[in-house]
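The structure under discussion appears below in the form of structure tokens.
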Amino acid sequence: MIERFAADPTASVPVLGAETVGAYRFCGNDSSDWRDIMGLHWQQTQQRMRAHPVALCLQGTTELDVIGQGAIGLGH
């Protein structure tokens with residue numbers, strides 16, 4: 023399931039076919055938190071950003087609310 027998600031991260035869960043029930047079960051598992059799942063992605067992103075003198079944090083139509091998040095250094 024993870025390999026299928028990684029191969030096409032924009033695909034919807036039903037595209038996974040027989041793995042659909044397992045995917046929903048995995049995502050709904052109370053013992054795993056979305057922050058745990060995203061943690062490695064965040065770490066790798068930060069590592070890649072450190073390799074460059076400037077990193078642009080661009081956004082589309084999604085709103086970002088960084089109030090109270092301790093986001094130091096944004097807006098330069």
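Start counting at 1 in the sequence shown, then tack on 22, and there's your number in our numbering. Glycine included, every Cβ here is placed at the ideal spot set by N, Cα and C.
Integer-rounded CB distance, given that residue j should sit under 8 Å from residue i
i	j	result
residue 23	residue 45	6 Å
residue 41	residue 26	7 Å
Rounded C-alpha distance that separates residue i from residue j
i	j	result
residue 74	residue 63	18 Å
residue 54	residue 48	8 Å
residue 52	residue 78	34 Å
residue 43	residue 35	9 Å
residue 76	residue 87	22 Å
Whole runs of the alpha helix (DSSP H) within the stretch 52-87, excluding any shorter than 4 residues: 56-72
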